[in-house]
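Here's the structure, in structure tokens; my notes come after.
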Amino acid sequence: MTAQQHPSRIVRFTGDAAPYAGGDPYADYRTADFPFTRYTDLADRRLGAGVIAAGDEFFAPRENLLVPERAEFDPGHFGHKGKVMDGWETRRRRGVLAEQPWPTPEDHDWALVRLGTPGVVRGIVVDTAHFRGNHPQAVSVEGASAPGSPSPEQLLSDEMKWTTLVPRTPVAGHAANGFAVSVEQRFTHLRLNQHPDGGVARLRVYGEVVPDPAWLAVLGTFDVVALEHGGRVEDASDLFYSPATNTIRPGRSRTMDEGWETRRRRDRGNDWIRYRLAARSRIRAIEIDTACLKGNAAGWASVSVKDEGNPETGEDAGWREVLPRTRLQPDTNHRFVLPDPAVGTHARVDIYPDGGISRLRLYGSLTEDGAAHLAARYQELGG
Ligand SMILES: NC(=O)NC(NC(N)=O)C(=O)[O-]
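Heads up, the sequence shown is in my numbering, so the first residue is 61 and it goes up one at a time.
Now the structure itself:
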């Protein structure tokens with residue numbers, strides 16, 4: 061097993077994985093703590109991402125790449141086409157002549173990914189879990205920015221400009237191959253290439269959401285903390301059972317684990333999440349949902365707002381409670397109209413004493429300077 065230190069200090073695994081020897085298939089899996097995983101997975105199915113085409117998917121379908129759970133391996137599961145693999149796997153490439161039976165150096169397989177929400181990519185994980193002996197020798201990743209909803213044909217046409225995010229790089233089998241990306245551009249689509257062929261279990265694309273300011277301007281009032289609009293979690297008191305980011309995902313929770321649940325507190329404190337809003341906003345209405353949290357819904361909740369971006373004072377006025385501590389019901393969506401709009405760049409929900417909420421929605425509109433900031437960033441990133 062080899063782990064190499066990359067110039068950008070990202071651990072790189074190289075070399076083949078040993079054949080599966082029985083027992084826990086993850087026992088010899090190689091992975092690391094990649095710093096960029098604190099960003100949002102822009103290729104999350106739950107945000108609307110999809111693998112819209114692939115040049116070949118003989119052994120295993122491209123859709124597996126974005127399954128949220130880690131890849132499974134059943135050593136005895138064989139189908140009509142071979143070993144059933146939980147990933148995207150192409151057939152073995154061949155040369156064209158008896159004298160040249162090998163693929164050419166240019167031969168490769170590709171898959172086109174539509175990001176769930178456009179953004180700047182900070183890091184990519186090409187996970188080859190369980191691909192041992194049939195993983196690609198190398199991978200590369202490119203990004204494109206296309207307006208609207210382009211077809212695979214449009215994306216593959218010569219007119220489309222693709223930018224290299226990860227140059228062709230050798231990867232290891234049965235490993236989480238992580239790559240830091242430093243391209244300051246907003247992308248809508250990615251192309252994952254396997255050189256010359258092989259299988260990849262999962263693709264994760266971590267980055268910052270960059271919303272289209274024209275769309276937000278037309279909407280006027282929207283959820284200013286929603287992940288898809290560029291809101292994000294900065295910190296939370298407890299991540300024992302589930303990520304706090306679940307509270308700003310699209311849609312309602314269908315099961316308890318799709319929300320945010322904290323462990324049972326045995327002290328006199330309380331749990332909380334701190335968020336950064338899409339930009340400076342004026343919040344007028346709040347929703348707190350406890351969907352699917354029944355014996356463990358938060359007992360009470362309050363919401364506070366902080367304004368770090370006041371262009372007149374330039375001052376940080378500290379936290380201001382805009383929804384006082386309010387009793388919550390289990391498995392219920394609660395709606396609150398604020399008596400006065402609350403202006404801020406950050407929000408915090410405090411739950412008492414512990415338990416969970418499934419969603420927080422902060423409905424409002426961008427302030428003038430908030431909208432100008434988003435428009436400038438969009439321009440800068442070539443949006
Ligand atoms: N044992 C295999 O996985 N073989 C082949 N792949 C599948 N899925 O059967 C191959 O050639 O890569």
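No residue lacks a Cβ here, since even glycine has one placed at the ideal position from N, Cα and C.
- Shortest Cα-Cα distance from W162 to any of R152, A171 and D169 involves R152.
- Buried is the label assigned to K366, since at least 16 other Cβ atoms lie within 10 Å of its Cβ.
- Below 8 angstroms, enough C-beta pairs join the region 233-246 and the region 76-95 to call them touching: three or more.
- Residue side-chain check: V144 places its Cβ nearer than 8 angstroms to a non-hydrogen atom of ligand 1.
- With fewer than 16 other Cβ atoms inside 10 Å of its own Cβ, E428 counts as exposed.
- Bounds of any alpha helix (DSSP H) do not take in W360; it lies within the beta strand (DSSP E) bounded by W360 to K366.
- For N370, the three-state secondary structure derived from DSSP is coil.
- T281 counts as exposed, since fewer than 16 other beta carbons sit within 10 angstroms of its beta carbon.
- Taking C-beta atoms as the reference points, I333 and P401 fail to come closer than 9 angstroms.
- When rounded, the separation of the alpha-carbon atoms in P230 and T74 is 7 angstroms.
- Taking 8 angstroms as the cut-off, one finds no heavy atom of ligand 1 near enough to the beta carbon of R122.
- Cβ contact annotation for R421 (same chain, cutoff 6 angstroms, sequence separation greater than five): D283 and E347, in chain order.
- Taken from the Cβ of F119, at least one heavy atom of ligand 1 lies inside 8 angstroms.
- Cβ-Cβ separation between H289 and A338: approximately 4 angstroms, consistent with a contact (criterion under 8 angstroms).
- A buried status is given to Y412, since no fewer than 16 other beta-carbon atoms sit within 10 Å of its beta-carbon.
- Counting every other CB atom within 10 Å of its CB across the protein chains shown gives P207 a total below 16, marking it as exposed.
- Distance from the Cα of A435 is smallest, within the candidate group A274, V293, P165 and P390, for A274.
- Apart from the 5 residues on each side of it in sequence, Q245 sits with its Cβ closer than 8 angstroms to the Cβ of V180, G203, S205, T223, L441 and G442 in its chain, given in chain order.
- Cβ neighbours of A77 within its own chain (closer than 6 angstroms, five residues either side excluded): R192, G233 and H234.
- Counting C-beta atoms within 10 angstroms of its own C-beta, D167 has fewer than 16 neighbours from the protein chains shown and is therefore classed as exposed.
- Classified as exposed, F118 has fewer than 16 neighbouring CB atoms from the shown chains inside 10 Å of its CB.
- Straight through space, the alpha carbons of F300 and G139 are spaced by roughly 39 angstroms.
- Pairing S362 with T392 gives a Cβ-Cβ distance that is not under 9 angstroms.
- Under DSSP, the beta-bridge partners assigned to Q254 are D169 and V199.
- Measuring C-alpha to C-alpha distances from E381 to each of G369, S297, H406 and P390 identifies H406 as the nearest.
- Look at D283 here: in three-state DSSP terms it is strand.
- Not one heavy atom of ligand 1 lies closer than 8 angstroms to the C-beta of G378.
- Closest option to D331, judged by alpha-carbon separation, among R340, M316, R312 and A358: A358.
- For G142, the three-state secondary structure derived from DSSP is strand.
- For A158, there is no enclosing alpha helix (DSSP H), since its DSSP letter is neither H nor E.
- Within the same chain, Cβ atoms closer than 7 angstroms to the Cβ of R309 are found at R106 and L287, the five residues on either side in sequence being excluded.
- Relative to ligand 1, the beta carbon of G443 is positioned no closer than 8 angstroms to any heavy atom.
- Residue environment for R292: buried (at least 16 other C-beta atoms within 10 angstroms of its C-beta).
- Around the beta carbon of P128, fewer than 16 other beta carbons sit within 10 angstroms, so the residue counts as exposed.
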